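**Student:** Just so you know, we're using full-length UniProt numbering here: the sequence shown kicks off at 1 and counts up by one. Next up is a structure, given as structure tokens.
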Amino acid sequence: MAMVLKVRKNRSAPPPEPCALTECMAVIAGAWAPNVIWHLRAGPRRFSELRTDIPPVSAKVLSQRLKELEAKGVLSRTIQPTSPPSVEYALTPLGQGLVPALEAIVTVGHQLKAARMAPARDQSLPRLAGSV
């Protein structure tokens with residue numbers, strides 16, 4: 001007997017191409033990209049400051065991520081006329097637009113962490129009438 005699969009009709013319209021969510025996730029999905037954006041939200045930072053802010057990231061990966069975020073228009077790179085010259089990274093208006101989204105993710109992350117850390121209710125105790 002052959003098995004027949006029913007195909008559900010998608011009731012929602014497909015997202016326009018390219019999908020805005022996919023575009024946004026492509027920016028923040030890179031390793032350490034959200035951390036870089038998070039630390040730049042308060043203002044410009046030098047490479048060494050970002051390395052201090054994000055200790056687990058290697059210099060190579062941080063450098064790659066900064067180049068990618070600059071190419072995507074999320075941050076700007078400015079060479080300061082100091083001796084020796086220094087480079088500062090800052091969020092562009094596009095990058096600043098990502099900050100509220102990251103703040104929302106952090107808020108939910110705190111809630112998830114609190115829920116995970118909450119002691120599990122003892123299921124062996126009898127439930128009282130009216131208790132949840």
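Glycine is no exception: its CB is placed at the ideal position from the N, C-alpha and C atoms. Note that the coordinates shown come from a computational prediction; the quantities given were computed from them, not determined experimentally.
Between the segment 36–54 and the segment 86–97, do at least 3 Cβ pairs fall closer than 8 Å?
**Tutor:** At 8 Å Cβ cutoff, the stretches touch.
**Student:** Please name the residue in Pro84, Pro85, Gln96 whose C-alpha comes closest to that of Ala43.
**Tutor:** In the sequence shown, the residue the question calls residue 43 occupies position 43. Per the sequence shown, the amino acid found at residue 43 is Gly instead of Ala. The shortest C-alpha separation from Gly43 is found at Gln96.
**Student:** Thinking just about the alpha-carbon of each residue, which of Lys113, Cys19, Thr78, Asn35 is nearest to the one in Val61?
**Tutor:** Here residue 61 corresponds to residue number 61 of the sequence shown, with the count starting at 1. If we check each option's Cα against that of Val61, Asn35 comes out closest.
**Student:** If we count the other Cβ atoms within 10 Å of its Cβ and call it buried at 16 or more, is Leu69 buried or exposed?
**Tutor:** Looking up residue 69 in the sequence shown gives position 69. Buried, by the Cβ-count rule.
**Student:** Going by beta carbon distance, what residues of the same chain come within less than 6 Å of Lys113, once the five residues before and after it are set aside?
**Tutor:** Within the sequence shown, numbered from 1, the residue matching residue 113 stands at position 113. Here the set comprises nothing.
**Student:** Please classify Ile54: does DSSP put it in a helix, a strand, or coil?
**Tutor:** Taking the sequence shown and counting its residues from 1, one reaches residue 54 at position 54. Reduced to three states, the DSSP call for Ile54 is coil.
**Student:** Whole-angstrom Cβ separation of Ala33 and Val27, contact assumed at under 8 Å?
**Tutor:** Translated into positions along the sequence shown, residue 33 becomes position 33. Translated into positions along the sequence shown, residue 27 becomes position 27. Sure, about 7 Å apart at Cβ, within 8 Å.
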